[in-house]
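> Handing you this structure, nothing more for now.
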Amino acid sequence: MHVRDDYGLPIADADAHEALTAHRAGELPPVVLVRVTDPPRDAWADLAHAGFIRKPTWLSWRAPTPRSVDDYAARLTRKARQDLRRAVDRAADAELRIEVHPTLSADQLDPFLTLYENRVNGMRFGFSFAGSMRAGMIDNPTTFGVFAYEKGELVGGCLCREFPQDDSVWLLFSAVDARWREHSLARVIYLHAFEETRRRGYPEVTMGNDPNLYGHVAKPGLFLFKTRLGFDPVPARPVGKAPAGDCADLLLSVEALTTPVVMLGYADADAQDVGTPRLTAHVFGAGPEVDINRYTTRTVDTARRADLPARVDRRIRMSP
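Structure below.
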């Protein structure tokens, strides 16, 4: 097994034989989870019996590009529609200026990156993925930005990129000033991003890819946020440098994570090569007061409370 640090989380990578042998012997390493990448089909049943969840390693959140604001609103729940209307009204009352920049200069991009990084710095496992891509976004004709200004000051924005090979536009990164997060400004920004996506002729819009472990870099609240915006998670497909593929994870502890921890596993034990496979939400560390059905969507049929393996020592020592 190879133990690595994944943005502050100790993970042990192993092949199926190594993982199952260590599990049977009670010799699992002191990590948060054990991962088998692309497990072979003949090991699926044994891994499932040992408590591993076979799942897409990354999730892509997708929706058809709305034809209009009304078309988009019709897809939302009643409460989400009300939240959208209130957000639009508040932005109008405050005379916010929403601008779409077809390409991004450094002067336009850098204030957003500052806003984004301030947000990321407040997260336990935060990392500036947008900052690492800065050079490739400046003056890139496939990248555009939607920014909101209050009296000339940037208070929110979203960075978007065309992926012609995926026939979609991805909403890659977003950030909103703390004062405006309370008023759901992100919803207003996304409306303008949808309009630009439609103008560019793309039939699908994607809220980027998330690692399929909500409670680490991506928080469980992000899952609920994207669901409320009318997007559905599906297994990520390889697009450009975006990672994809499957894995089988055995979660050993939730102490270092934000609970409830959510993984989306394949609902059908023998599912393979299915266009849009059914998924099940496995929810760890959820008390009885947590409604786990909130983690179901049109593509996630069911949710189940999941327990940590009883045989392992749950006291995980994190690296300093």
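Under our numbering, read the sequence shown as residues 1 to 320, first letter to last.
Every residue gets a Cβ at the ideal spot worked out from N, C-alpha and C, and that includes glycine.
The structure displayed is predicted, hence computed values, not measured ones.
1) With a Cβ-Cβ cutoff of 7 Å, do R298 and D210 count as a contact?
2) Output the residue ranges of the alpha helix (DSSP H) runs that lie fully inside the segment 94–168 and measure 4 residues or longer, sorted by chain position.
3) Are the segment 63–71 and the segment 154–164 touching by the rule of at least three beta carbon pairs closer than 8 Å?
4) From the DSSP output, in three-state form, read off L191 for me.
5) Is the beta carbon of P164 less than 7 Å from the beta carbon of T103?
6) Please determine, among A50, D38, E99, G208, the residue with the shortest C-alpha to C-alpha distance to L28.
7) Could you work out which residue in T280, S174, E195, T143 is closest to Y266 when comparing CA atoms only?
8) Tell me where the alpha helix (DSSP H) around A43 begins and ends.
9) Looking only at its chain, what residues have a beta carbon closer than 6 Å to the beta carbon of A12, apart from the 5 residues adjacent to it on each side?
10) Should T276 be labelled buried (16 or more other beta-carbon atoms within 10 Å of its own) or exposed?
11) Which residue comes first and which comes last in the beta strand (DSSP E) that contains T37?
12) If you count every other CB in all the chains shown that lies within 10 Å of the CB of E321, and 16 or more means buried, which is it?
13) Please classify D323 as buried or exposed, where buried requires at least 16 neighbouring CB atoms within 10 angstroms.
14) Suppose only complete runs of 3+ residues qualify. What are the beta strand (DSSP E) ranges in the segment 4–28, listed by chain order?
15) According to DSSP, is A92 part of a helix, a strand, or is it coil?
16) Starting from A178, trace the alpha helix (DSSP H) both ways and give me its first and last residue.
17) Roughly how many angstroms separate the alpha carbons of R81 and A74, rounded to a whole number?
18) Taking DSSP as the reference, what is the three-state secondary structure of N293?
19) I think Y388 touches S168, with their Cβ atoms under 8 Å apart; what is that distance to the nearest whole Å?
20) With H, G and I counted as helix, E and B as strand and the rest as coil, what does DSSP make of P56?
21) Using only the alpha-carbon positions, how far apart do S184 and D93 sit?
22) Helix, strand or coil for R311? Go by DSSP, reduced to three states.
23) If you compare alpha carbons, which of L59, A16, A48, H17 is closest to A236?
24) DSSP on E255, reduced to helix/strand/coil?
25) Apart from the five residues just before and just after L113, which ones in its own chain have a Cβ nearer than 8 Å to its Cβ?
26) Secondary structure at H2, three-state DSSP: helix, strand or coil?
27) I'd like to check one pair, F225 with Y214: are the Cβ atoms closer than 7 Å?
28) Which word fits S174, buried or exposed, when buried means at least 16 other C-beta atoms lie within 10 angstroms of its C-beta?
29) How far does the beta strand (DSSP E) with P233 in it reach, from first residue to last?
30) Measure the C-alpha to C-alpha separation of A186 and W170 and round it to an integer number of angstroms.
With the given structure in hand:
1) no
2) Within the segment 94–168, the complete alpha helix (DSSP H) segments of 4 residues or longer fall at 106–121, 129–132, 134–137, listed in chain order.
3) no
4) helix
5) Contact: no.
6) A50
7) Minimum Cα distance to Y266 is reached at T280.
8) From DSSP, A43 is part of no alpha helix (DSSP H); its letter is neither H nor E.
9) M1, V3, P29, V31, V34
10) That one is exposed.
11) 33–37
12) Shown here, the chain extends from 1 to 320; a query on residue 321 therefore has no answer.
13) Any property of residue 323 remains undetermined from this structure, which presents the chain solely from 1 to 320.
14) Listed in chain order, the beta strand (DSSP E) elements of length 3 or more contained wholly in the segment 4–28 are 9–14.
15) helix
16) 178–181
17) 8 Å
18) helix
19) One cannot answer for residue 388 here, as it falls past the ends of the chain, which runs 1 to 320.
20) strand
21) 14 Å
22) Note that R311 scores a pLDDT of 49, beneath 50, so its modelled location is shaky; the value from the coordinates is reported in the next line. R311 falls in the coil class under three-state DSSP.
23) L59
24) coil
25) S128, A130, G131, R134
26) strand
27) no
28) Buried is the label assigned to S174, since at least 16 other Cβ atoms lie within 10 Å of its Cβ.
29) 232–235
30) 15 Å
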